[in-house]
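Chains as they are written, first to last, in my numbering: chain A, 85 to 212; chain B, 85 to 212.
C-beta atoms are modelled at their ideal positions from N, C-alpha and C, and glycine is treated no differently.
The structure displayed is predicted, hence computed values, not measured ones.
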DNA sequence: CCTATATTTAACCTATTAGTTATTTAACCT
DNA sequence: AGGTTAAATAACTAATAGGTTAAATATAGG
């Protein structure tokens, strides 16, 4: 058989998360959180070359996390938070797993079901 | 010169984010959010092979997002939320950028400084 | 118009990722 | 012991990611 075509258009969340997965890119965002900045001033403190920085910015831009605007010969980069909000929304659905009070509630609700969760397949003998 | 050694031990947050960046892995977490499950029952509904699933689980495990426990010949996977909490904490520092009321406060605080943010270098002529 | 400055783009390299198939390991059940 | 089921590991592959150096592009300014 042909060696598997596993190519997708990545969704928003995946783009956001993989953009954020790089520490240099998070450092760029941290810097931009204190106000817009041109590319060069982002590169220097991170010990990154200009081309590397530019690429990181492209990744961040494609994830919607920054926008760039020409301003004379510079290009001002600005933090765009919408994807972060989206991420926070996604994360929210897991909040009960680390929030103690919610965790207790959840445990209670699970216990209410009495059954070991029929939808989950975590019985003694899980369905094949 | 040798072609640049950019090898790091990735930090927690990077490991968490890159683990979460894959939609299949997020689907696994979503499934585990409804209770622990053996590997096979995770693979099937995602159309993933067992080896692929096992690898995803290894990635999630190394990020601390799941744990696996032998249970007869099965291996029960359980969601571990600590890294998600850590992520939520990190995200929290950006909350003011999407939360309207906070945003207004932030704008006000920035305006208090009167100066266009000396630490930021976003003046007319940014430092080299 | 020419030159300096700021940034992007191109071409290339290496490591990592996500998948594959085939083989092992582990535990259960006669 | 032998067979079956569950999962992991090995070996391989194609695509992606993050970096490099060198060349191109865009704007400002004498």
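Query                                                                                                                                                                   : Result
Could you name the residues of chain B that residue 166 of chain A contacts, counting a contact when the two beta carbons are closer than 8 angstroms?                  : 182
Taking the straight line between their C-alpha atoms, what separation do you get for residue 193 of chain B and residue 160 of chain A?                                 : 22 angstroms
Would you list, in sequence order, the uninterrupted alpha helix (DSSP H) runs of no fewer than 4 residues that lie entirely inside the stretch 122-191 of chain B?     : 123-130, 134-146 and 166-176
Cα-Cα, which of B:110, B:97, B:162 and B:124 is closest to residue 104 of chain A?                                                                                      : B:97
Of all the residues that make up the stretch 91-114 of chain A, which are near chain B by a beta-carbon distance shorter than 9 angstroms?                              : 92, 94, 95, 97, 98, 99, 100, 101, 102, 103, 104, 105, 106, 107, 110, 113 and 114
Taking C-beta pairs closer than 9 angstroms, name the residues in chain A that residue 152 of chain B reaches, listed in chain order.                                   : What residue 152 of chain B touches in chain A: nothing, since even the nearest Cβ is about 13 angstroms away.
Beta-carbon of residue 177 of chain A versus every beta-carbon of chain B: anything under 9 angstroms?                                                                  : yes
Would you check if there are 3 or more beta carbon pairs closer than 8 angstroms linking the stretch 100-118 of chain B to the stretch 139-157 of chain B?              : yes
Would residue 111 of chain A and residue 130 of chain A qualify as a contact pair, given that the criterion is a beta-carbon distance under 9 angstroms?                : yes
Tell me, please, whether the stretch 112-126 of chain B touches the stretch 110-126 of chain A by the rule of three or more beta-carbon pairs shorter than 8 angstroms. : no
Listing by chain order, which chain A residues have their CB less than 9 angstroms from the CB of residue 146 of chain B?                                               : What residue 146 of chain B touches in chain A: nothing, since even the nearest Cβ is about 14 angstroms away.
How long is the line joining the alpha carbons of residue 164 of chain A and residue 174 of chain B, rounded to whole angstroms?                                        : 16 angstroms
Report yes or no: is there a C-beta of chain B within less than 9 angstroms of the C-beta of residue 117 of chain A?                                                    : yes
Is residue 114 of chain A helix, strand or coil when you go by DSSP?                                                                                                    : helix
Have a look at residue 156 of chain B and residue 109 of chain B and give me their C-alpha separation to the nearest angstrom.                                          : 25 angstroms
Identify which residue in B:180, B:154, B:172 and B:143 has its Cα closest to the Cα of residue 182 of chain A.                                                         : B:172
Would residue 196 of chain A be called buried (16 or more neighbouring beta carbons within 10 Å of its own) or exposed?                                                 : exposed
Would you mind working out which of A:170, A:140 and A:154 sits nearest residue 95 of chain A, comparing C-alpha positions?                                             : A:170
Could you tell me if residue 144 of chain B is buried or exposed, where buried requires 16 or more neighbouring beta carbons within 10 angstroms of its beta carbon?    : buried
Taking all protein chains shown into account, decide if residue 189 of chain A is buried (16 or more other Cβ within 10 angstroms of its Cβ) or exposed.                : exposed
Taking DSSP as the reference, what is the three-state secondary structure of residue 105 of chain B?                                                                    : coil
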